[in-house]
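Visitor:
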Amino acid sequence: MYKNIDKQTKLTLKELVEYQEGQVVSKTLVQNDYVSMTIFSFDKGEEISTHAAGGDAMVTVLEGKGRFTVGDEVFYVEEGETLIMPKDIPHAVYGEERFKMQLTVSF
Numbered sequence: 001m002y003k004n005i006d007k008q009t010k011l012t013l014k015e016l017v018e019y020q021e022g023q024v025v026s027k028t029l030v031q032n033d034y035v036s037m038t039i040f041s042f043d044k045g046e047e048i049s050t051h052a053a054g055g056d057a058m059v060t061v062l063e064g065k066g067r068f069t070v071g072d073e074v075f076y077v078e079e080g081e082t083l084i085m086p087k088d089i090p091h092a093v094y095g096e097e098r099f100k101m102q103l104t105v106s107f
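Number 32 in the working numbering belongs to position 32 of the sequence shown; there are no gaps in the numbering.
1. Could you check the C-alpha separation between G154 and Q20 for me, to the nearest Å?
2. Please give the ranges of any beta strand (DSSP E) in the stretch 32–72, keeping only runs that are unbroken, at least 3 residues long and fully inside the region.
3. Buried or exposed: F40, going by 16 or more other Cβ atoms within 10 Å of its Cβ?
4. Would you mind sorting K100 into buried or exposed? The rule is 16 or more other CB atoms within 10 Å of its CB.
5. DSSP on L108, reduced to helix/strand/coil?
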């Protein structure tokens with residue numbers, strides 16, 4: 001079930017979270033046993049350190065550009081691009097510049 005958003009309303013996902021200086025901001029839209037969907041904003045230089053997810057994680061950059069380290073590989077993902085980070089593979093996210101992303105994890 002969706003939360004924190006209006007239903008039957010046209011939305012612009014990147015407008016659901018604002019940038020905050022020196023922070024990573026997130027808003028969870030769905031959280032259950034099967035899927036998690038969250039919108040994030042990263043200030044320049046902010047990061048989520050290396051961790052692994054219990055499901056496949058798909059990120060779509062909504063604005064700007066982020067650096068994603070997945071295992072030993074580094075990906076620069078820009079607005080409109082999507083990257084899949086496989087279950088149980090350590091990954092990290094870094095704001096090369098301010099950027100926003102949608103994260104969907106399927107379990």
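Built from N, CA and C at the ideal position, the CB exists for glycine as well.
Guide: Looking at the atomic coordinates:
1. Missing from the structure shown is residue 154; the chain here goes from 1 to 107 and no further.
2. 35–42, 47–51, 56–63 and 65–70
3. buried
4. buried
5. Only positions 1 to 107 of the chain appear in this structure, which leaves residue 108 out of reach.
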